[in-house]
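Everything on this sheet refers to the single structure shown next.
In the working numbering, the protein residues as written are 29 to 242.
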């Protein structure tokens, strides 16, 4: 196959598509060969039955590398495909609360929120005030913040409770793995200090001895 005739619709310029008079050449092993004429660079690539690929077109002179461009593109496309698989579209799940939501219902809804957050989704907490309930806005905000405390292990407030008309809402976002690990380590340190203090207090206690009769 004549590599000089190879063309591509996207990506790097290769072989005869490269119009610069001189290029900074890198061989297939990654060695710097210095600045050479485009003719010499193409000839070197052809001798190895490989492609001359412009990997840095904005440099002066442009940087070109000798490689199997078909194989390179295949590997790049494979990496891009894997990256797309790992990407997750973040959804916003909604949970509705009432001003006077009972504790067991609050726990159930908090468990649902934990599942959503653990899956990487955001959670919108909403509350609607009907009629005279507008007189209990502060109570509604208090309920929302109490709900937030129930999921603080893996969730954090992205948007604080805000009242718009008769609707109040806040948005929770999942904590990053890094933040969760950091908080877990801090919690373990606090627990260890508490345990050490408790052990120290026990050791400081002197048991009262019994009187001996002679």
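All residues carry an ideal CB built from backbone N, CA and C; glycine is no exception.
Here the structure is a predicted model, which means the values were calculated and not measured.
Residue(s) in a DSSP beta bridge with residue i
{"i": "residue 151", "result": "121 and 200"}
{"i": "residue 62", "result": "53"}
{"i": "residue 156", "result": "195"}
{"i": "residue 79", "result": "95"}
{"i": "residue 136", "result": "DSSP, once it has assigned bridges, lists no residue as partnering residue 136."}
{"i": "residue 84", "result": "91"}
{"i": "residue 187", "result": "199"}
{"i": "residue 42", "result": "81"}
Proximity below 9 Å, CB of residue i to CB of residue j
{"i": "residue 98", "j": "residue 79", "result": "yes"}
{"i": "residue 154", "j": "residue 125", "result": "yes"}
{"i": "residue 202", "j": "residue 137", "result": "no"}
{"i": "residue 178", "j": "residue 189", "result": "no"}
{"i": "residue 94", "j": "residue 105", "result": "no"}
Spatial distance of residue i from residue j (CA atoms)
{"i": "residue 40", "j": "residue 112", "result": "22 Å"}
{"i": "residue 207", "j": "residue 148", "result": "14 Å"}
{"i": "residue 122", "j": "residue 152", "result": "5 Å"}
{"i": "residue 44", "j": "residue 110", "result": "32 Å"}
{"i": "residue 101", "j": "residue 83", "result": "12 Å"}
{"i": "residue 70", "j": "residue 108", "result": "29 Å"}
{"i": "residue 42", "j": "residue 49", "result": "14 Å"}
{"i": "residue 219", "j": "residue 181", "result": "16 Å"}
{"i": "residue 192", "j": "residue 204", "result": "29 Å"}
{"i": "residue 183", "j": "residue 175", "result": "11 Å"}
{"i": "residue 210", "j": "residue 85", "result": "43 Å"}
{"i": "residue 47", "j": "residue 53", "result": "14 Å"}
{"i": "residue 186", "j": "residue 227", "result": "40 Å"}
{"i": "residue 89", "j": "residue 59", "result": "17 Å"}
{"i": "residue 139", "j": "residue 87", "result": "55 Å"}
{"i": "residue 225", "j": "residue 217", "result": "12 Å"}
{"i": "residue 119", "j": "residue 212", "result": "26 Å"}
{"i": "residue 55", "j": "residue 114", "result": "33 Å"}
Minimum C-alpha distance to residue i - residue among the options
{"i": "residue 65", "options": "59, 92 and 86", "result": "92"}
{"i": "residue 171", "options": "195, 128 and 145", "result": "128"}
{"i": "residue 162", "options": "88, 185, 48 and 195", "result": "195"}
{"i": "residue 68", "options": "89, 58, 57 and 51", "result": "51"}
{"i": "residue 96", "options": "226, 215, 57 and 225", "result": "57"}
{"i": "residue 130", "options": "55, 227, 168 and 215", "result": "168"}
{"i": "residue 173", "options": "134, 140 and 157", "result": "134"}
Distance cut-off 8 Å: residue i Cβ against heavy atoms of the ligand SAM
{"i": "residue 47", "result": "Here there are no bound small molecules, and the ligand SAM is not part of this structure."}
Cβ distance (whole Å) where residue i is taken to contact residue j below 8 Å
{"i": "residue 145", "j": "residue 200", "result": "7 Å"}
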